[in-house]
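These protein sequence lines map, in sequence, to chains A and B.
Residues 124 to 236 (the working numbering) make up the first sequence, in order.
Residues 224 to 339 (the working numbering) make up the second sequence, in order.
Each remark here refers to the structure printed beneath this line.
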Amino acid sequence: DQQVKQNSPSLSVQEGRISILNCDYTNSMFDYFLWYKKYPAEGPTFLISISSIKDKNEDGRFTVFLNKSAKHLSLHIVPSQPGDSAVYFCAASGNNAGNMLTFGGGTRLMVKP
Amino acid sequence: DAGVIQSPRHEVTEMGQEVTLRCKPISGHNSLFWYRQTMMRGLELLIYFNNNVPIDDSGMPEDRFSAKMPNASFSTLKIQPSEPRDSAVYFCASSRQVGVLNEKLFFGSGTQLSVL
Numbered sequence: 124d125q126q127v128k129q130n131s132p133s134l135s136v137q138e139g140r141i142s143i144l145n146c147d148y149t150n151s152m153f154d155y156f157l158w159y160k161k162y163p164a165e166g167p168t169f170l171i172s173i174s175s176i177k178d179k180n181e182d183g184r185f186t187v188f189l190n191k192s193a194k195h196l197s198l199h200i201v202p203s204q205p206g207d208s209a210v211y212f213c214a215a216s217g218n219n220a221g222n223m224l225t226f227g228g229g230t231r232l233m234v235k236p
Numbered sequence: 224d225a226g227v228i229q230s231p232r233h234e235v236t237e238m239g240q241e242v243t244l245r246c247k248p249i250s251g252h253n254s255l256f257w258y259r260q261t262m263m264r265g266l267e268l269l270i271y272f273n274n275n276v277p278i279d280d281s282g283m284p285e286d287r288f289s290a291k292m293p294n295a296s297f298s299t300l301k302i303q304p305s306e307p308r309d310s311a312v313y314f315c316a317s318s319r320q321v322g323v324l325n326e327k328l329f330f331g332s333g334t335q336l337s338v339l
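Shown next as structure tokens:
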């Protein structure tokens with residue numbers, strides 16, 4: 124059973140608008156969450172993270188929100204740009220596992236010019 | 224730094240053949256991870272090493288899969304015999320150490336494996 128789920132396999136957004144990517148998890152021991160971005164023919168690269176002691180972390184156009192009670196996190200990209208088109212993976216770690224990550228299935232974001 | 228280097232980029236083989244995937248981690252990184260990406264299951268951790276020692280191979284799907292890390296700069300993932308359901312993208316990643324938050328994983332570009 125997947126402990127980290129990204130229920131939307133794809134998302135299409137117009138340039139300049141907000142992109143919202145969602146992620147749900149089932150393991151209550153997870154306490155650190157990350158988003159990785161993957162371009163075609165490249166490996167995933169780290170984008171942004173959040174610890175369970177926070178409910179929001181912002182880095183430029185990227186903001187991650189964490190709702191622990193709902194076991195849900197989301198990545199907001201504002202404004203979206205065509206260069207943001209990629210596959211986004213949600214990942215989680217916990218129970219003193221450090222950087223041992225459990226990944227979701229990914230969401231393909233397409234930002235249309 | 225050249226980053227994590229994987230070879231080959233693409234591998235096409237026939238069912239029953241042995242396949243060997245190679246990885247060179249970033250110099251100075253002590254931890255190495257092998258992941259597999261499939262449409263159905265996303266990114267799955269297969270095995271990881273710390274200081275060249277396999278720590279957890281519980282993600283390795285079957286005995287047909289084996290991984291080695293003979294030294295700090297080289298690791299292999301072998302599938303013998305290969306089967307069509309092994310077709311996937313295999314990623315290698317490294318980090319300075321394992322088990323520490325904020326230690327980011329750096330991924331290679333992956334090997335696209337197709338087993339016919």
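Note that beta-carbon positions come from the ideal geometry of N, C-alpha and C, so glycine has one too.
Note that the structure is predicted; figures quoted are calculated from it, not measured.
- The straight-line gap separating the alpha-carbon atoms of residue 200(A) and residue 213(A) is approximately 14 Å.
- Identification of chain A residues near residue 332(B) by a Cβ-Cβ cut-off of 9 Å yields 164, 165, 166, ordered along the chain.
- Contact check between the stretch 239 to 257 of chain B and the stretch 296 to 304 of chain B: three or more CB pairs, one atom from each, fall below 8 Å, which counts as touching.
- In this structure, residue 208(A) and residue 234(A) form a Cβ contact; the two beta carbons are roughly 5 Å apart against a cut-off of 8 Å.
- Counting only Cβ-Cβ distances below 8 Å, residue 224(A) has contacts in chain B at 268, 328, in chain order.
- Residues of chain B whose Cβ lies closer than 8 Å to the Cβ of residue 183(A) do not exist, since the nearest Cβ in that chain is about 17 Å away.
- Within chain A, 166, 167 have C-beta atoms less than 8 Å from the C-beta of residue 314(B), given in sequence order.
- Secondary structure of residue 308(B) (DSSP, three-state): helix.
- Taking 9 Å as the upper bound on Cβ-Cβ separation, chain B lies near residues 212, 214, 216 of the stretch 201 to 216 of chain A.
- The residues 260, 333, 335, in chain order, have a CB closer than 6 Å to that of residue 312(B) in the same chain once the five nearest residues on each side in sequence are set aside.
- Assignment of beta-bridge partners to residue 265(B) by DSSP yields 261(B).
- Judged by DSSP secondary structure, residue 195(A) falls within the beta strand (DSSP E) whose first and last residues are 195 to 200.
- Sequence-distant partners of residue 186(A) (beyond 5 residues in either direction) whose C-beta falls short of 6 Å from its own C-beta, in its chain, are 199.
- Taking all protein chains shown into account, residue 320(B) has fewer than 16 neighbouring C-beta atoms within 10 Å of its C-beta and is therefore exposed.
- One thing to note: residue 231(A) has its Cβ within 8 Å of the Cβ of residue 210(A).
- For residue 251(B), no CB of chain A lies under 8 Å from its own CB, so it is not counted at the interface with that chain.
- Taking the C-beta atoms as reference points, residue 317(B) is found no nearer than 8 Å to residue 327(B).
- Residue 139(A) is outside the set of residues whose beta carbon lies under 8 Å from a beta carbon in chain B.
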